[in-house]
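Chains U, Y, H and V supply the protein sequences, listed in that same order. Position 31 of the first sequence, counting from 1, maps to 31 under UniProt numbering, and the rest follow consecutively. Position 162 of the second sequence, counting from 1, maps to 162 under UniProt numbering, and the rest follow consecutively. Position 186 of the third sequence, counting from 1, maps to 186 under UniProt numbering, and the rest follow consecutively. Position 137 of the fourth sequence, counting from 1, maps to 137 under UniProt numbering, and the rest follow consecutively.
Protein chains: 4
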Amino acid sequence: MPRTPEQNKSIKAQSRKAILDAAFPLFSKHGFDKTSMATIAKEAGVSKGLIYHHFDNKVDVLIAVFDNLMEQSSEVWDVFGEDESAHDRLLKMIDISILFTKGNPEWVRLLIQLALQEDVVESLHDHISAIRSNKLQLMIPLFEELGYDDPEAEVLYIGAKFDGIALGLLSMKEDYPLEKMVNRLKSEYNLKTQ
Amino acid sequence: MPRTPEQNKSIKAQSRKAILDAAFPLFSKHGFDKTSMATIAKEAGVSKGLIYHHFDNKVDVLIAVFDNLMEQSSEVWDVFGEDESAHDRLLKMIDISILFTKGNPEWVRLLIQLALQEDVVESLHDHISAIRSNKLQLMIPLFEELGYDDPEAEVLYIGAKFDGIALGLLSMKEDYPLEKMVNRLKSEYNLKTQ
Amino acid sequence: MPRTPEQNKSIKAQSRKAILDAAFPLFSKHGFDKTSMATIAKEAGVSKGLIYHHFDNKVDVLIAVFDNLMEQSSEVWDVFGEDESAHDRLLKMIDISILFTKGNPEWVRLLIQLALQEDVVESLHDHISAIRSNKLQLMIPLFEELGYDDPEAEVLYIGAKFDGIALGLLSMKEDYPLEKMVNRLKSEYNLKTQ
Amino acid sequence: MPRTPEQNKSIKAQSRKAILDAAFPLFSKHGFDKTSMATIAKEAGVSKGLIYHHFDNKVDVLIAVFDNLMEQSSEVWDVFGEDESAHDRLLKMIDISILFTKGNPEWVRLLIQLALQEDVVESLHDHISAIRSNKLQLMIPLFEELGYDDPEAEVLYIGAKFDGIALGLLSMKEDYPLEKMVNRLKSEYNLKTQ
DNA sequence: CATGAATGAGAATTCATTCAT
DNA sequence: TATGAATGAATTCTCATTCAT
Numbered sequence: 001m002p003r004t005p006e007q008n009k010s011i012k013a014q015s016r017k018a019i020l021d022a023a024f025p026l027f028s029k030h031g032f033d034k035t036s037m038a039t040i041a042k043e044a045g046v047s048k049g050l051i052y053h054h055f056d057n058k059v060d061v062l063i064a065v066f067d068n069l070m071e072q073s074s075e076v077w078d079v080f081g082e083d084e085s086a087h088d089r090l091l092k093m094i095d096i097s098i099l100f101t102k103g104n105p106e107w108v109r110l111l112i113q114l115a116l117q118e119d120v121v122e123s124l125h126d127h128i129s130a131i132r133s134n135k136l137q138l139m140i141p142l143f144e145e146l147g148y149d150d151p152e153a154e155v156l157y158i159g160a161k162f163d164g165i166a167l168g169l170l171s172m173k174e175d176y177p178l179e180k181m182v183n184r185l186k187s188e189y190n191l192k193t194q
Numbered sequence: 001m002p003r004t005p006e007q008n009k010s011i012k013a014q015s016r017k018a019i020l021d022a023a024f025p026l027f028s029k030h031g032f033d034k035t036s037m038a039t040i041a042k043e044a045g046v047s048k049g050l051i052y053h054h055f056d057n058k059v060d061v062l063i064a065v066f067d068n069l070m071e072q073s074s075e076v077w078d079v080f081g082e083d084e085s086a087h088d089r090l091l092k093m094i095d096i097s098i099l100f101t102k103g104n105p106e107w108v109r110l111l112i113q114l115a116l117q118e119d120v121v122e123s124l125h126d127h128i129s130a131i132r133s134n135k136l137q138l139m140i141p142l143f144e145e146l147g148y149d150d151p152e153a154e155v156l157y158i159g160a161k162f163d164g165i166a167l168g169l170l171s172m173k174e175d176y177p178l179e180k181m182v183n184r185l186k187s188e189y190n191l192k193t194q
Numbered sequence: 001m002p003r004t005p006e007q008n009k010s011i012k013a014q015s016r017k018a019i020l021d022a023a024f025p026l027f028s029k030h031g032f033d034k035t036s037m038a039t040i041a042k043e044a045g046v047s048k049g050l051i052y053h054h055f056d057n058k059v060d061v062l063i064a065v066f067d068n069l070m071e072q073s074s075e076v077w078d079v080f081g082e083d084e085s086a087h088d089r090l091l092k093m094i095d096i097s098i099l100f101t102k103g104n105p106e107w108v109r110l111l112i113q114l115a116l117q118e119d120v121v122e123s124l125h126d127h128i129s130a131i132r133s134n135k136l137q138l139m140i141p142l143f144e145e146l147g148y149d150d151p152e153a154e155v156l157y158i159g160a161k162f163d164g165i166a167l168g169l170l171s172m173k174e175d176y177p178l179e180k181m182v183n184r185l186k187s188e189y190n191l192k193t194q
Numbered sequence: 001m002p003r004t005p006e007q008n009k010s011i012k013a014q015s016r017k018a019i020l021d022a023a024f025p026l027f028s029k030h031g032f033d034k035t036s037m038a039t040i041a042k043e044a045g046v047s048k049g050l051i052y053h054h055f056d057n058k059v060d061v062l063i064a065v066f067d068n069l070m071e072q073s074s075e076v077w078d079v080f081g082e083d084e085s086a087h088d089r090l091l092k093m094i095d096i097s098i099l100f101t102k103g104n105p106e107w108v109r110l111l112i113q114l115a116l117q118e119d120v121v122e123s124l125h126d127h128i129s130a131i132r133s134n135k136l137q138l139m140i141p142l143f144e145e146l147g148y149d150d151p152e153a154e155v156l157y158i159g160a161k162f163d164g165i166a167l168g169l170l171s172m173k174e175d176y177p178l179e180k181m182v183n184r185l186k187s188e189y190n191l192k193t194q
C-alpha cells in the first residue's frame with residue numbers, strides 16, 4: 001500500500017535533516033568549496049540525487065545549513081531571562097559568543113570568508129545581514145540600558161572586537177591567548193573576570 | 001640577431017608585472033581557490049602557458065603577489081621618529097593602520113583571507129608570520145612605555161580591534177561608521193579625538 | 001522509483017566493460033603514455049567523467065585491463081595432464097606459447113611494453129612478477145626432469161627465446177618466418193618438428 | 001667583421017653536436033616522450049630556438065641521434081679483421097652485442113619500444129629497418145661460412161635470442177643472470193666460454 | 001520519494017613549436 | 001646564427017548537476 005502523505009512528509013523531513021546534519025560539519029571543517037556534494041551524500045547516507053530533491057543546488061544547501069544554525073543560535077541568545085541585569089546579560093553574551101567561536105571555529109571561518117567575498121550569491125548576503133541585524137536588535141537595548149550614548153555604534157564596536165578575536169583564534173589556534181583576550185575585553189566593559 | 005639580455009629582462013619583467021597586476025585583484029576579490037589560472041591569464045592579456053613560464057604553479061603566483069605588495073607596504077610603518085612620545089606614536093599608528101585599510105581594502109581583504117586559509121602553503125605562512133612579528137616588535141615597546149602590564153597581549157588585543165574594524169569596513173563598505181569606530185578605539189586608549 | 005541494485009550493477013558492469021574494451025587495444029597499440037583518457041572515453045563511447053566514476057586514475061584503468069586479461073589467459077597454462085612425458089609437455093608448452101603470441105599479439109605487445117616501463121606503477125610490477133613466477137613454477141620441474149643442470153636458468157633462457165621471437169613477430173608481422181623460428185627452437189631441445 | 005662561411009659552418013656543426021650529445025643520454029635515460037625540448041636545450045647549453053634551426057621537430061632530433069649512433073656502432077662492427085675465423089667473429093659479435101646492451105640499456109629499451117609502436121613516424125621505421133638489415137648483411141656471410149643451411153633464418157634466430165636476453169636484462173636489471181645466459185648462448189654455437 | 005550512472009564544463013599543468021628581434 | 005618570451009593545444013582529473021528508472 002502507498003505511504004500516507006504524513007508518512008511521506010516525515011520521511012522527507014528526516015532525510016532533509018540527515019543532509020543538513022552531514023553538510024554542516026563538512027562545510028565547517030573543509031569549507032564550502034572543498035566540500036563536494038558526493039561527500040555530503042555519502043556522509044548523510046543518501047544518494048546525490050536525493051539532495052537535489054530537497055535543494056536546488058549546492059548554495060541552497062549552504063543557505064539551509066545557515067538557517068538551521070540561525071534557528072539554533074537564536075535559541076542560544078534566548079537564554080537570558082528577562083530579570084537578569086544588563087551587566088549579567090552582557091557577560092553572558094560575551095561568554096556565549098566566545099564559546100561559539102571556540103566550538104565552531106570552522107563555521108566562523110566560513111562565515112568570515114563569505115562576508116569577505118564580493119560575489120557570494122545574493123541570497124546569502126541577505127542571510128548574513130539578517131544574522132547581523134538580529135544580533136543588533138538583541139544588543140542595542142542592552143547597551144542602551146547600560147547607558148551608552150550611541151548604542152548602535154557600540155554594538156558594532158564590540159562586534160568588531162568579537163570578530164578580531166575570532167580572527168586571531170582562527171589563525172593562531174592554540175597559540176592564541178584567548179583567555180587573556182576575553183579578560184581584557186571584559187575589563188573594558190567593567191565586567192568582573194572570574 | 002637575438003634580443004639582448006636586457007631587452008629580454010625588460011620584456012619578461014613587463015609580462016610578469018601584467019600577471020601580478022591581474023592576479024592581485026582577482027585573488028582578493030574572489031579568493032585564491034576561486035581564481036583560476038585561465039582567468040588570470042585572460043585578465044593579464046597573456047596565455048596560460050606564459051604564467052607557467054614565470055611561475056612554477058598557482059601558489060607561486062600568490063606568493064609573488066604577496067611579496068610584491070609587502071615591498072610596497074613595508075615603508076608605511078617606518079614613519080614615526082624616535083623623539084615622539086608614546087602617546088603620539090600610538091595615535092599615529094592607529095591612524096596609519098586605519099588609513100592603510102581604507103586605502104588598500106583589497107590587500108587587507110587578501111591578507112585576511114590568506115590568514116584564514118588552512119592549507120594554502122607553508123611558505124606563505126612564513127611570510128604572514130613575518131609581517132605579524134614585524135608589527136609586534138614595533139608595538140611591544142610602545143605599550144611597555146605606556147605602562148601596560150602585559151604589552152604583548154595588549155598588542156594582540158589592539159590588533160584584534162584593528163582586524164575587527166577592517167572586517168566590518170570590508171563587509172559593510174560605505175555603510176560602516178568608520179569614523180565612530182576609530183574614535184571609540186582612541187577613547188579606549190585615552191587618546192584625544194580631534 | 002529507483003533502479004534496483006541489480007540493474008545498476010549490470011549497467012555499471014556494461015560501461016566498465018566498454019571502457020576496458022576500448023582501453024586495451026589503445027594501450028597495446030600506442031602504449032600507456034600515448035593513450036589519453038579522452039581517447040579511451042571517445043572510443044568507449046562514454047564521457048571522460050564516467051571513467052573516473054569507475055577508476056581512480058589512468059593507472060587504475062591499466063591495472064584493470066591487466067587483470068581482465070590475466071583472467072582470460074590464465075587457463076591457457078592449465079592444459080597439460082600429469083601423465084604426459086616431460087618431452088611432450090615441453091613440446092606442448094612451446095606450441096601453446098607461440099600460439100598464444102600469435103593469437104594475442106596486442107596483449108603480448110602490451111605485456112612487453114609494460115615490462116619495459118620503469119615507473120608505471122608498483123602495483124603493476126607485482127602483477128607482472130606474479131605472471132613470471134607462475135610460469136617459472138610450472139617450467140622448472142620440467143627442465144629438472146629433462147636433466148638440465150640449472151633448470152632455473154634454463155627457464156629464463158627459453159623464456160628469452162620466446163620473448164625474442166615474440167618481438168620479431170610483433171615488429172615484422174607477416175614477414176616474420178615464424179614457422180622456421182619455432183622449428184629452430186624445437187630442434188635445440190631435440191623435439192621432433194612435425 | 002662578419003664570420004666567414006667556414007667559421008659559420010664549424011660553429012653550426014659544433015652546436016649541432018652539442019644538441020645531439022645532450023639528447024642521446026636524455027632519450028636514453030628517460031625515454032623519448034619524457035624528454036622535453038627545454039631539457040635538451042638546457043643540457044646542451046643552447047636555446048630552444050637553436051634546436052629548431054638544426055632540426056625540424058623533436059622526432060627529427062631522435063632520428064639524428066639515431067643516425068649518429070648508427071655511425072658509431074657501425075664502427076663497432078668493423079672491429080673484426082678479415083683474417084679472423086668465423087668462429088672468432090661470432091664470439092666477438094656476441095660479446096659486443098651483449099656489451100652494448102649492458103652499456104646502453106636505456107637506448108636499447110628505446111629501440112625496442114619504438115619497434116613495438118605501431119604509429120612511430122615513417123622515417124623512424126625506415127631507420128630501424130636499416131639497422132636490422134645492416135646487421136643481417138653483416139651476419140649472413142658469417143653463418144654461411146659456419147655451414148648453416150638457412151643463414152638468413154639463423155641470423156633472425158640469434159637476433160631473437162639477443163632481443164630476448166636484452167628484454168630480460170632490462171626488466172630484471174641486476175637480478176638477471178646475464179653471465180649464465182651468455183654462456184648458454186655461446187654453448188649453443190659451440191663457442192668455448194672463457 | 002529515491003538511486004547512482006552519466007555528463008560536460010572547467011581546473012591546473014606541460015610542452016612542442018613559433019616568432020620578434 | 002641565436003635567443004628565450006610567448007602561444008595554444010593537449011593532458012589528467014574534479015565535480016555540480018541531470019536523468020532514466
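Yeah, the Cβ is synthetic: ideal placement off N, Cα and C, and Gly gets one too. Quantities reported herein were computed from a predicted structural model and do not represent experimental measurements.
Cα-Cα, which of 68(U), 50(U), 183(U) is closest to residue 156(Y)?
Against the second sequence, residue 156(Y) aligns to sequence position 156. Among 68(U), 50(U), 183(U), the Cα nearest to that of residue 156(Y) belongs to 183(U).
Contact set between the region 95-124 of chain V and chain H, restricted to residues whose Cβ is under 8 Å from the partner:
Residues of the region 95-124 of chain V whose Cβ lies closer than 8 Å to any Cβ of chain H, in chain order: 109, 112, 113, 115, 116, 117, 118, 119.
From the DSSP output, in three-state form, read off residue 108(H) for me.
Indexing the third sequence from 1 puts residue 108(H) at position 108. DSSP places residue 108(H) in helix when its eight states are reduced to three.
Mind listing which residues of the region 147-163 of chain Y have their C-beta closer than 8 Å to chain U's C-betas, in chain order?
Of all residues in the region 147-163 of chain Y, 150, 153, 154, 156, 157, 159, 160, 161, 162, 163 have a Cβ within less than 8 Å of some Cβ in chain U.
Any chain V beta carbon closer than 8 Å to residue 26(H):
Indexing the third sequence from 1 puts residue 26(H) at position 26. Residue 26(H) does not count as touching chain V.
Measure from the C-beta of residue 127(H) to each C-beta in chain V and report whether the shortest distance is under 8 Å.
Taking the third sequence and counting its residues from 1, the one referred to as residue 127(H) is at position 127. So no, residue 127(H) is outside the interface.
Hey, residue 127(H) and residue 66(H): beta-carbon distance below 8 Å or not?
Taking the third sequence and counting its residues from 1, one reaches residue 127(H) at position 127. Taking the third sequence and counting its residues from 1, one reaches residue 66(H) at position 66. Yes, the Cβ-Cβ distance between residue 127(H) and residue 66(H) is below 8 Å.
Quick check: the Cα distance between residue 89(U) and residue 102(U), rounded to an integer number of angstroms?
Within the first sequence, the letter at position 89 stands for residue 89(U). Within the first sequence, the letter at position 102 stands for residue 102(U). One C-alpha to the other measures close to 20 Å.
Residue 38(U) versus residue 41(H) - alpha carbon distance:
Here residue 38(U) refers to the residue found at position 38 of the first sequence. Here residue 41(H) refers to the residue found at position 41 of the third sequence. Spanning the two alpha carbons is a distance of roughly 22 Å.
What does residue 184(H) touch in chain V if you count any residue whose Cβ is under 8 Å from its own?
Position 184 of the third sequence, counted from the first residue, corresponds to residue 184(H). Near residue 184(H) (Cβ distances below 8 Å), the residues of chain V are 153, 154, 157.
Residue 137(Y) versus residue 107(U): straight-line alpha-carbon distance, rounded
Your numbering for residue 137(Y) matches position 137 in the second sequence. Your numbering for residue 107(U) matches position 107 in the first sequence. The C-alpha of residue 137(Y) lies about 32 Å from the C-alpha of residue 107(U).
Less than 6 Å between C-beta atoms, sequence neighbours within five positions excluded: which residues of the same chain meet that for residue 98(H)?
The residue you call residue 98(H) lines up with position 98 of the third sequence. Within the same chain, residue 98(H) has close Cβ partners 182.
If you count every other CB in all the chains shown that lies within 10 Å of the CB of residue 168(H), and 16 or more means buried, which is it?
For this step, residue 168(H) is matched to residue 168 along the third sequence. Residue 168(H) should be labelled buried.
How would you write the range of the alpha helix (DSSP H) that residue 137(U) sits in, first residue to last?
One-based indexing of the first sequence puts residue 137(U) at position 137. 122-145 is the extent of the alpha helix (DSSP H) around residue 137(U).
Is it true that the region 156-165 of chain U meets the region 158-166 of chain Y, where meeting means three or more beta-carbon pairs spaced less than 8 Å apart?
Verdict: yes, contact present.
For residue 117(H), count neighbouring C-beta atoms within 10 Å of its own C-beta (all shown protein chains included) and say buried if the count is 16 or more, exposed if not.
The residue given as residue 117(H) occupies position 117 in the third sequence. The residue is buried, with at least 16 neighbouring Cβ atoms inside 10 Å.
Classify residue 31(H): buried if its beta carbon has 16 or more other beta carbons within 10 angstroms, exposed otherwise.
Within the third sequence, the letter at position 31 stands for residue 31(H). Counting Cβ neighbours within 10 Å, residue 31(H) comes out buried, since at least 16 surround it.
From what residue to what residue does the alpha helix (DSSP H) around residue 89(H) run?
The residue labelled residue 89(H) in the question sits at position 89 within the third sequence. Per DSSP, residue 89(H) belongs to the alpha helix (DSSP H) from 86-103.
8 Å is my cut-off, CB to CB: does residue 31(H) come that close to chain V?
What you label residue 31(H) is simply residue 31 of the third sequence in a count that begins at 1. Chain V contact via Cβ: present.
DSSP state of residue 1(V) mapped onto helix, strand, coil
Along the fourth sequence, one-based indexing puts residue 1(V) at 1. Confidence at residue 1(V) is low in this model, with a pLDDT of 44, below 50, so the placement of that residue is unreliable and no value is reported for it.
Determine the direct distance from the alpha carbon of residue 73(Y) to that of residue 16(U), and round the result to whole angstroms.
Walking along the first sequence from the start, residue 16(U) turns up at place 16. Walking along the second sequence from the start, residue 73(Y) turns up at place 73. Pairing residue 16(U) with residue 73(Y), the inter-Cα distance amounts to about 49 Å.
Determine the chain V residues that contact residue 188(H) at a beta-carbon separation under 7 Å, and present them in chain order.
Taking the first residue of the third sequence as 1, we reach residue 188(H) at position 188. 188, listed in chain order.
Tell whether a beta-carbon distance below 8 Å holds between residue 69(Y) and residue 43(Y).
By 1-based counting over the second sequence, the position of residue 69(Y) is 69. By 1-based counting over the second sequence, the position of residue 43(Y) is 43. No.
Run the CB neighbour count on residue 113(H), radius 10 Å, all protein chains shown included, and call it buried at 16 or more, exposed below.
Residue 113(H) sits at position 113 when you count from the first residue of the third sequence. Burial state of residue 113(H) is buried, judged by a 10 Å Cβ sphere holding 16 or more other Cβ atoms.
If you compare alpha carbons, which of 110(U), 19(U), 29(U) is closest to residue 53(U)?
Working through the first sequence from its first residue, we reach residue 53(U) at position 53. Closest by alpha carbon: 19(U).
Alpha helix (DSSP H) containing residue 52(V): first to last residue?
Walking along the fourth sequence from the start, residue 52(V) turns up at place 52. From DSSP, the alpha helix (DSSP H) with residue 52(V) extends over 48-54.
State yes or no: is the C-beta of residue 105(U) within less than 8 Å of the C-beta of residue 50(U)?
Locating residue 105(U) in the first sequence gives position 105, where the first residue counts as 1. Locating residue 50(U) in the first sequence gives position 50, where the first residue counts as 1. In this structure, residue 105(U) lies away from residue 50(U), with their beta-carbon atoms at least 8 Å apart.
Which residue spans inside the UniProt domain "HTH tetR-type" (13-73) of chain H form an unbroken alpha helix (DSSP H) run of at least 4?
Those alpha helix (DSSP H) runs which fall completely within the UniProt domain "HTH tetR-type" (13-73) of chain H and span 4+ residues are 37-44, 48-54.
Range covered by the alpha helix (DSSP H) that runs through residue 180(Y):
Against the second sequence, residue 180(Y) aligns to sequence position 180. Taken as a continuous stretch (DSSP letters only), the alpha helix (DSSP H) holding residue 180(Y) covers 178-188.
Which class does residue 7(H) belong to by DSSP, given the choice of helix, strand or coil?
The sequence position of residue 7(H) within the third sequence is 7, counting from 1. Note: residue 7(H) maps to helix in three-state DSSP.
In three-state DSSP terms, what is residue 118(U)?
To locate residue 118(U), count along the first sequence from 1; it is residue 118. Correct three-state label for residue 118(U): coil.
Between residue 188(V) and residue 8(V), what straight-line distance do the alpha-carbon atoms span, to the nearest angstrom?
To locate residue 188(V), count along the fourth sequence from 1; it is residue 188. To locate residue 8(V), count along the fourth sequence from 1; it is residue 8. When the Cα atoms are used, residue 188(V) and residue 8(V) turn out to be separated by approximately 54 Å.
Among 180(V), 151(V), 29(V), the one whose alpha carbon lies nearest that of residue 151(H):
Residue 151(H) sits at position 151 when you count from the first residue of the third sequence. Measuring from the Cα of residue 151(H), the nearest candidate turns out to be 180(V).
Label residue 130(H) either buried or exposed according to how many other C-beta atoms from any shown protein chain fall within 10 Å of its C-beta, with 16 as the threshold for buried.
Against the third sequence, residue 130(H) aligns to sequence position 130. By the 10 Å Cβ count, residue 130(H) comes out exposed.
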